[in-house]
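Below is one structure, written out as structure tokens; the observations come after it.
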Amino acid sequence: MDMNLLTLAFRDPRLEQEFLSEYEQQYRQTSRYALLAGILLYALFGILDAYLYPGQHLTLWLIRFGIALPVLLLAAIYLFRRGPHRYTQEVLALSTLLGALGIVVMTVIIPVWTRNTYFAGLIIVVMFVYTFLRLRFIWATLSSWLAVLVFELVSIELSDIDVINLVADNFFYLSANFVGMAACYSMEYDARRNFTLLRELHSERSRISQVNVQLESLNEMLDQLAHHDDLTGLPNRRSFFAHLNQEWNRHRRFRAPMSLVLID
Numbered sequence: 390m391d392m393n394l395l396t397l398a399f400r401d402p403r404l405e406q407e408f409l410s411e412y413e414q415q416y417r418q419t420s421r422y423a424l425l426a427g428i429l430l431y432a433l434f435g436i437l438d439a440y441l442y443p444g445q446h447l448t449l450w451l452i453r454f455g456i457a458l459p460v461l462l463l464a465a466i467y468l469f470r471r472g473p474h475r476y477t478q479e480v481l482a483l484s485t486l487l488g489a490l491g492i493v494v495m496t497v498i499i500p501v502w503t504r505n506t507y508f509a510g511l512i513i514v515v516m517f518v519y520t521f522l523r524l525r526f527i528w529a530t531l532s533s534w535l536a537v538l539v540f541e542l543v544s545i546e547l548s549d550i551d552v553i554n555l556v557a558d559n560f561f562y563l564s565a566n567f568v569g570m571a572a573c574y575s576m577e578y579d580a581r582r583n584f585t586l587l588r589e590l591h592s593e594r595s596r597i598s599q600v601n602v603q604l605e606s607l608n609e610m611l612d613q614l615a616h617h618d619d620l621t622g623l624p625n626r627r628s629f630f631a632h633l634n635q636e637w638n639r640h641r642r643f644r645a646p647m648s649l650v651l652i653d
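The working numbering puts the first residue of the sequence shown at 390, with every later residue one more than the last.
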């Protein structure tokens, strides 16, 4: 396959556009319901906010229900609306990025010794972005690593976390991103390979169909030459005996009368 191995985009712009259109149609439903599942899960964690941090849950809810979830719901509305969905990948990438950033901000607000409770939420977001949402590799990677960058800046500048815990968090978070990248890359590569194979199969079927039409035309021409005289175009002796044999077999099968007229 002639593609950019970094972005996985086909080098032929027309082929790339054809793939993107088919990819969006093929995984539209998957992306829709995966996003709805993510929204539901994101909202359910609001119960945990009130249970674990009764004194700070209103601030956490402001981030969760006032900022992150409305953006995710707008993304869902865009995906479920009728008509073309030209910016599906961009909308999903941006909305999931904001969802991840919401969790990053929450980790700063809550006490540092309970930070790991919400840090696990970032791992869940990584799983969603790289696999369930069927984001393309380039958009999933861009969204996830921007979240990593903000996480690093916030952890270093605003959080009181110690170095050991920061290193441990980075080990798990970065590892999850690398594993997610590998999974997403493999999934999109397989999708592009299947697209290419199906395209070649359709092309081969079309070629075979054209060859069959040509063969049928050639067979008709050969049959015409075999059963008709070249000069007069009238049925020749072979045609006569073929018809005679056919009528004779019919006579023997049905015991029907048969007549034969010869005109010279």
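Note that beta-carbon positions come from the ideal geometry of N, C-alpha and C, so glycine has one too.
Proximity winner among R400, D551, R475, F567, relative to T530 (alpha-carbon distances): Locating residue 530 in the sequence shown gives position 141, where the first residue counts as 1. Nearest C-alpha to T530: F567.
A426 versus L462, I553, V493, residue with shortest Cα-Cα distance: In the sequence shown, the residue the question calls residue 426 occupies position 37. Closest option to A426, Cα to Cα, is L462.
Alpha-carbon to alpha-carbon, R421 and R470: Position 81 of the sequence shown, counted from the first residue, corresponds to residue 470. Position 32 of the sequence shown, counted from the first residue, corresponds to residue 421. Rounded to the nearest angstrom, the two C-alpha atoms are 11 Å apart.
Pick from E407, E413, L458 that is closest to L430, judged by C-alpha positions: Taking the sequence shown and counting its residues from 1, the one referred to as residue 430 is at position 41. Residue L458 is the option with its Cα nearest to L430.
Identity of the residue in L547, R581, Y519, Q478 nearest V494 by Cα: As a position in the sequence shown, residue 494 is number 105, starting the count at 1. Taking only the C-alpha atoms, the option nearest V494 is L547.
Beta carbon of I499 nearer than 7 Å to that of G510: Stepping through the sequence shown from its first residue, residue 499 is reached at position 110. Stepping through the sequence shown from its first residue, residue 510 is reached at position 121. No.
For M392 and R525, believed in contact at Cβ under 8 Å, the rounded distance: Along the sequence shown, one-based indexing puts residue 525 at 136. Along the sequence shown, one-based indexing puts residue 392 at 3. Rounded, the Cβ-Cβ distance is 12 Å, inconsistent with contact.
For P624, the three-state DSSP class (helix, strand or coil): Position 235 of the sequence shown, counted from the first residue, corresponds to residue 624. DSSP places P624 in strand when its eight states are reduced to three.
Beta-carbon proximity check, T485 vs S532, cutoff 7 Å: Working through the sequence shown from its first residue, we reach residue 485 at position 96. Working through the sequence shown from its first residue, we reach residue 532 at position 143. The answer is yes: Cβ separation under 7 Å.
Between the CA atoms of M570 and R417 - distance to the nearest angstrom: For this step, residue 417 is matched to residue 28 along the sequence shown. For this step, residue 570 is matched to residue 181 along the sequence shown. Cα to Cα, the separation comes out at about 21 Å.
Whole-Å CB distance - N527 paired with T396, under 8 Å assumed: The residue given as residue 527 occupies position 138 in the sequence shown. The residue given as residue 396 occupies position 7 in the sequence shown. Sequence inspection shows Ile at residue 527; the Asn mentioned does not correspond to that position. Going by Cβ atoms, the distance from I527 to T396 rounds to 5 Å, so yes, they are a contact pair.
Stretch pair the region 555 to 565 + the region 602 to 614: three plus CB contacts closer than 8 Å: no
Residues sharing a beta bridge with M392, DSSP: Here the question's residue 392 lines up with position 3 in the sequence shown. M392 pairs with F399.
Proximity winner among L522, I512, V539, L481, relative to V460 (alpha-carbon distances): Sequence index remark: in the sequence shown, residue 460 carries index 71 (1-based). Measuring from the Cα of V460, the nearest candidate turns out to be L481.
Cutoff 7 Å; reference Y578; Cβ partners in own chain excluding five residues on either side: By one-based count along the sequence shown, residue 578 stands at place 189. The answer, listed in chain order, is L397.
Same chain, Cβ closer than 8 Å to I456, five either side skipped, listed in chain order: Counting from 1 along the sequence shown, the entry for residue 456 is found at position 67. Excluding residues within five positions, the ones whose Cβ falls inside 8 Å are L487, G491.
Residue range of the unbroken alpha helix (DSSP H) whose run includes V501: If you number the sequence shown from 1, residue 501 lands on position 112. Here V501 belongs to no alpha helix (DSSP H), and DSSP marks it neither H nor E.
Cβ-based burial, I550 [other Cβ within 10 Å; buried from 16]: As a position in the sequence shown, residue 550 is number 161, starting the count at 1. So I550 counts as buried.
L424 and A489 closer than 7 Å at C-beta: As a first step, residue 424 must be located in the sequence shown, where it is residue number 35. As a first step, residue 489 must be located in the sequence shown, where it is residue number 100. Their beta carbons are not under 7 Å apart, which means L424 does not touch A489 by this criterion.
Continuous alpha helix (DSSP H) stretch holding Y519: start and end: Numbered from 1 along the sequence shown, position 130 holds the residue referred to as residue 519. Taken as a continuous stretch (DSSP letters only), Y519 belongs to no alpha helix (DSSP H), as it is neither H nor E.
Inside the region 552 to 625 only - beta strand (DSSP E) runs reaching at least 3 residues: none
Helix, strand or coil at I512 [DSSP, three-state]: Here residue 512 refers to the residue found at position 123 when the sequence shown is read from its first residue. Correct three-state label for I512: helix.
Local Cβ density within 10 Å of A645, reported as buried at 16 or more and exposed below that: Here residue 645 is taken as the residue at index 256 of the sequence shown, counted from 1. A645 is exposed by the Cβ-count criterion.
Selection from A557, R400, F517 that minimises the alpha carbon distance to N505: Within the sequence shown, numbered from 1, the residue matching residue 505 stands at position 116. Here the closest residue by C-alpha is A557.
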